[in-house]
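Participant: Right, I'll just put the structure down here and ask away after.
Protein chains: 2
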Amino acid sequence: MPASAELFTVRTPGDAWALLVAHLHPITRVEDIDTARALGRVLATDLVSSEDLPAFRRSTVDGYAVIAHDTHGATPGLPALLSVAGEAPMGQIVDTPIALGQAVWVHTGSMIPPDADAVVMVEHTQPVSSGPAPMDLPEAGIPAAIEVMRPVAEGENILQVGEDARVGGIVARRGHCLRPTDIGAMMALGNTRVTVMARPRVGILSTGDEVIPPEQVPGIGQVRDVNAYALSALVEQAGGEAVRYGIIPDDRAALERAAGQARRECDAVILSAGSSVSYRDMSLEVIQGLGGPGVLVHGVSVKPGKPTILAMADGVPVFGLPGNPASAMVVAELFVVPTVRALLGAAVAPRASVLARLARNVASTTGREDFVPVRLETRADGLWAIPVFGKSNLIVTLLRADGTLRVAQDENGLQAGAWVTVNL
Amino acid sequence: MPASAELFTVRTPGDAWALLVAHLHPITRVEDIDTARALGRVLATDLVSSEDLPAFRRSTVDGYAVIAHDTHGATPGLPALLSVAGEAPMGQIVDTPIALGQAVWVHTGSMIPPDADAVVMVEHTQPVSSGPAPMDLPEAGIPAAIEVMRPVAEGENILQVGEDARVGGIVARRGHCLRPTDIGAMMALGNTRVTVMARPRVGILSTGDEVIPPEQVPGIGQVRDVNAYALSALVEQAGGEAVRYGIIPDDRAALERAAGQARRECDAVILSAGSSVSYRDMSLEVIQGLGGPGVLVHGVSVKPGKPTILAMADGVPVFGLPGNPASAMVVAELFVVPTVRALLGAAVAPRASVLARLARNVASTTGREDFVPVRLETRADGLWAIPVFGKSNLIVTLLRADGTLRVAQDENGLQAGAWVTVNL
């Protein structure tokens, strides 16, 4: 007779996470890798700029470097007349100062000539073709003089030295997860190598006598191993490295051996337990025996996913997940993904979501968080979320879902037409 | 003198994309890969189930398989008494039918005995320890009889054959992008290999005499190549393969040669043009000469990023991006990422975003879409978006941004306190 049902001390997801996260620390292994291959990796150290960026004053527009004072009061009706002293070519040192009454043609990114303190956009000037050329012009197309139709303020359209980054300044903190723009920023600073956190190793064990490898054809009563692969992909997506320990038969000694090996070799361990009560009881005992302090949470008020175990075994977080795939994935999103991020020491990113209107009523029980898979549909009047109903054991059905709708613990279901937040 | 400014026919981002997308078709190269390694890849064919899933009737809960009729009218005060005929073990065929007045102990995932048509959850039963045992029980803990305190309907807590997937049914369409759950679903169906779209090859050329490789120390007036690496990472993130053609000097013949090679070898080409007007004019002419129909869009009403070129050269989309990194990234997000997705034939996913309140006023000009980088901050009263102000040439500054706020074309800025959608 199943006795364990009575032993459940069901926790809310928030309380359960609080109990676990108090024990989690970033791993200490780091890797030195090419910045060009660092997309998605997490900085292991603060990134300090060894240079001023930009290293010289640059124009942010195409136009004319001027002394701002020369343009004060300029209007289309009463423009300021300036002689063009030359061009500031790209990629070259510009060291001839400009004088009052002069302008120098600059490109976006050109160095600003000494004594110039602003740039007038080319759109706010017009060439004076008949004006006298004060000097030999380096490029045929540059006029000898211009009329400026609008005043510029000091510093306008100029990027100052160190405006983007300063020598010794902290550019990004450890724990920052590198995005495409960040890769560019690091290249701008000359950081072609970067020290990132190693990927936390997450050991994954499938258990259950009815479970067979996916390449085999199941006999009646058997099912293919789904969880090991879905969880591996989730761990990988979160920035971890999945280590699969195969399918462990319904044998306590075998499970203890495999779980013990995973605990020694990995930074976290997942037991995707057989879904029957007796398997769950066995997982609970095996997890409890892996190391101290042992089981922290047994039972979470979430549907699907109630029979969840969270434990710490000698510094290694251990998860006992429900056997059925949809439940296992909900619980893994709630606890395994944030654990991988915590092991990476990664800054917590806001969860990606969209706002949509609910197409149908969704029932829920107060006192429990429900996670309802939904399909998103763009209609003439905006985005709608259509619940993908199905029992929690369905997995293929979830292919049709674009995201998950959370019905909070204190809500008694949601009405059709309500605006809801859908996690992608 | 810059003549090209007059040639701009500035398009809205929507119009510009419509002109380009009309020419885009998915590439024809596919790859047959291990499903376990297919995370993030795009299905090249419809996925058809070759099996019924589940293949047998399964219980979705721990409890007792019964004939529903036997439980009608059952209440805690007047429970239905059923004798327990045995257990349905996991992973085994159960072929003994049950009779009226009988119950069989089933685990979550157990096969349902013939003639049973519902499962009562164990929580809604209680054992009758003194009842007579009708047969030898396979497991010591199972009671000889139970009282059922609540009626079940026909089919309740049973997963029917084919309820998750049916033989010959389409499980997912080509163009579907594979997520962790999908990897699991494919394993459940025995699809350990999968045909996915090859990664579209995107050629990336940096141009400009002032641009040097990131491993070099820039002299005054020089800048490191940022765009090639930031764009490569963006292309990779979108599901493409970046092919870098290096830094091309400011020489028309060299640019024509490199762009022509990239057009022949790749599925799309990006010219990260030097940012000066003369470079832009040269890129425009080189792109126009790459193949028909040539330039479709020259100038997009977006800040930053106005001087953007979109073209088709003999079937290959070609992008002329602004030279400054922040502008190049905004434009690449708008046009290059959706182009890679279109070349993959990928279903359009809703853009990941969060709702937040704006911490400061943001000015904008009507008639132009503004993209403002923002930092997200979780305060006691929710999520706030703090604009990261900076000139569009800044790149390191963008490390502090968590996402981008779009100010629509018809909006005249946004007020502090307004609810805004931030794309991550």
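Chains as they are written, first to last, in my numbering: chain A, 1 to 424; chain B, 1001 to 1424.
Every residue, glycine too, gets a C-beta built ideally from N, C-alpha and C.
What are the partner residues of K1306 (chain B), as DSSP defines its beta bridges?
Facilitator: Answer is none; K1306 (chain B) lacks a bridge partner.
Participant: From B:D1164, B:T1192, B:A1165, B:M1121, pick the residue whose C-alpha is nearest to that of I1146 (chain B); which is it?
Facilitator: Cα-wise, what sits closest to I1146 (chain B) is B:M1121.
Participant: Can you tell me the Cα-Cα spacing of T1096 (chain B) and V1152 (chain B), whole angstroms?
Facilitator: Each residue's Cα considered, the two are about 21 Å apart.
Participant: In whole angstroms, what separates the C-alpha of D1200 (chain B) from that of V243 (chain A)?
Facilitator: The identity of residue 1200 (chain B) in the sequence shown is Pro, whereas the question assumes Asp. Cα to Cα, the separation comes out at about 30 Å.
Participant: Could you tell me whether any non-hydrogen atom of the ligand NAD is closer than 7 Å to the CB of P1338 (chain B)?
Facilitator: Among the ligands in the structure shown, none appear at all, so the ligand NAD cannot be discussed.
Participant: Taking the alpha carbon of T1060 (chain B) as the point to measure from, which residue in B:A1258, B:V1167, B:L1424, B:S1110 has its own alpha carbon closest?
Facilitator: For the residues B:A1258, B:V1167, B:L1424, B:S1110, the minimum Cα distance to T1060 (chain B) belongs to B:S1110.
Participant: How should Q415 (chain A) be labelled, buried or exposed, when 16 other C-beta atoms within 10 angstroms of its C-beta is the threshold for buried?
Facilitator: Classification of Q415 (chain A): exposed, given that the 10 Å Cβ count is below 16.
Participant: For R400 (chain A), which residues from the same chain have a beta carbon less than 7 Å from its beta carbon, with the 5 sequence-adjacent residues on both sides left out?
Facilitator: Within the same chain, R400 (chain A) has close Cβ partners R375, V388.
Participant: Which of the three DSSP states, helix, strand or coil, is assigned to E1265 (chain B)?
Facilitator: DSSP places E1265 (chain B) in helix when its eight states are reduced to three.
Participant: My understanding is that L1205 (chain B) touches L1271 (chain B), with C-beta atoms under 8 Å, so please give their C-beta distance in whole angstroms.
Facilitator: Yes, L1205 (chain B) and L1271 (chain B) are in contact; Cβ-Cβ is about 5 Å, under 8 Å.
Participant: Is the beta carbon of R357 (chain A) less than 8 Å from the beta carbon of G413 (chain A)?
Facilitator: In this structure, G413 (chain A) does not lie closer than 8 Å to R357 (chain A) by Cβ.
Participant: Just to make sure I have the definition right: I need the residues of chain A whose C-beta is within less than 7 Å of the C-beta of A1233 (chain B). Which are they?
Facilitator: Within 7 Å Cβ-Cβ: L39, P180, I183.
Participant: With DSSP as the reference, please indicate the residues paired to E147 (chain A) in a beta bridge.
Facilitator: DSSP output for E147 (chain A) lists A:L81, A:Q126 as bridge partner(s).
Participant: Look up I1183 (chain B) in the DSSP assignment and say whether it is helix, strand or coil.
Facilitator: Three-state DSSP puts I1183 (chain B) in a helix.
Participant: What first and last residue would you give for the alpha helix (DSSP H) that runs through L950 (chain B)?
Facilitator: Given that chain B is displayed from residue 1001 to residue 1424, the structure contains no residue 950 (chain B) and the question cannot be resolved.
Participant: For R29 (chain A), I'd like the list of residues in its chain whose CB is within less than 8 Å of its CB, leaving aside the five on either flank, ordered along the chain.
Facilitator: M197, A198, listed in sequence order.
Participant: For G1305 (chain B) and S1283 (chain B), I'd like the C-alpha separation in whole angstroms.
Facilitator: One C-alpha to the other measures close to 15 Å.
Participant: Using 10 angstroms around the beta-carbon of T1108 (chain B), count the other beta-carbons present and answer buried if the total reaches 16, otherwise exposed.
Facilitator: It is buried - the Cβ of T1108 (chain B) has at least 16 other Cβ atoms within 10 Å.
Participant: Can you tell me the Cβ-Cβ gap for R425 (chain A) and S301 (chain A), rounded? I've got them flagged as a contact below 8 Å.
Facilitator: Lying before the first or after the last residue shown, residue 425 (chain A) is absent from chain A, which here runs from 1 to 424.
Participant: Counting only Cβ pairs nearer than 7 Å, list the residues of chain A close to R1224 (chain B).
Facilitator: By Cβ distance, chain A contributes M187, A188, G190.
Participant: Against chain A, with Cβ distances strictly below 8 Å, would I1093 (chain B) count as a contact?
Facilitator: Output row for I1093 (chain B): interface = yes.
Participant: In the region 324-355 of chain A, which residues sit with their C-beta less than 7 Å from some C-beta in chain B, listed in chain order?
Facilitator: Going along the region 324-355 of chain A in chain order, one finds N324, P325, M329, P350, A352, S353, V354, L355 with a Cβ nearer than 7 Å to chain B.
Participant: Closest by CA to A1258 (chain B), which one among B:I1093, B:T1071, B:T1207?
Facilitator: Of B:I1093, B:T1071, B:T1207, the residue nearest in Cα terms is B:T1207.
Participant: Quick one: which chain B residues come within Cβ less than 8 Å of V428 (chain A)?
Facilitator: No statement about residue 428 (chain A) is possible, as the shown extent of chain A runs from 1 to 424 and does not include it.
Participant: Please compile the residues from chain B whose C-beta is within a distance smaller than 7 Å of the C-beta of E210 (chain A).
Facilitator: Within chain B, the residues near E210 (chain A) are M1090, G1091, G1109.
Participant: Taking the Cβ atom as the reference point for each residue, do E971 (chain B) and L1159 (chain B) lie within a distance shorter than 8 Å?
Facilitator: In this structure chain B extends from 1001 to 1424, so residue 971 (chain B) is not present and cannot be described.
Participant: Would you grab the beta carbon distance between M1149 (chain B) and A1074 (chain B) for me? Rounded to a whole angstrom, and I think it's under 8 Å.
Facilitator: M1149 (chain B) to A1074 (chain B), Cβ: 6 Å. Contact.
Participant: Between the Cα of V1094 (chain B) and the Cα atoms of A:L343, A:G168, A:G221, A:A118, which residue gives the shortest distance?
Facilitator: The shortest C-alpha separation from V1094 (chain B) is found at A:G221.
Participant: Give me the Cβ distance between G1345 (chain B) and R1174 (chain B), rounded to the nearest whole Å; I'm assuming they're in contact under 8 Å.
Facilitator: Contact flag correct, Cβ pair sits at about 6 Å.
Participant: How is the alpha helix (DSSP H) around S327 (chain A) delimited, first residue to last?
Facilitator: 325-331 is the extent of the alpha helix (DSSP H) around S327 (chain A).
Participant: Please classify N361 (chain A) as buried or exposed, where buried requires at least 16 other C-beta atoms within 10 Å of its C-beta.
Facilitator: Per the 10 Å Cβ criterion, exposed.
Participant: For a quick check, are the C-beta atoms of V318 (chain A) and R280 (chain A) less than 8 Å apart?
Facilitator: No, they are not a contact pair.
Participant: Taking all protein chains shown into account, do 16 or more other C-beta atoms lie within 10 angstroms of the C-beta of P132 (chain A), making it buried, or fewer, making it exposed?
Facilitator: Residue placement at P132 (chain A) is flagged as unreliable, the pLDDT there being 45, under the threshold of 50; a coordinate-derived value is accordingly withheld.
Participant: Please check if any C-beta of chain B sits within less than 8 Å of the C-beta of V420 (chain A).
Facilitator: So no, V420 (chain A) is outside the interface.
Participant: Closest to G1323 (chain B) by CA distance: which of B:I1247, B:S1364, B:G1260, B:G1289 is it?
Facilitator: When only C-alpha atoms are compared, the closest one is B:I1247.
Participant: Give me the residue from B:T1397, B:N1423, B:W1419, B:E1411 with the minimum Cα distance to G1403 (chain B).
Facilitator: Closest by alpha carbon: B:N1423.
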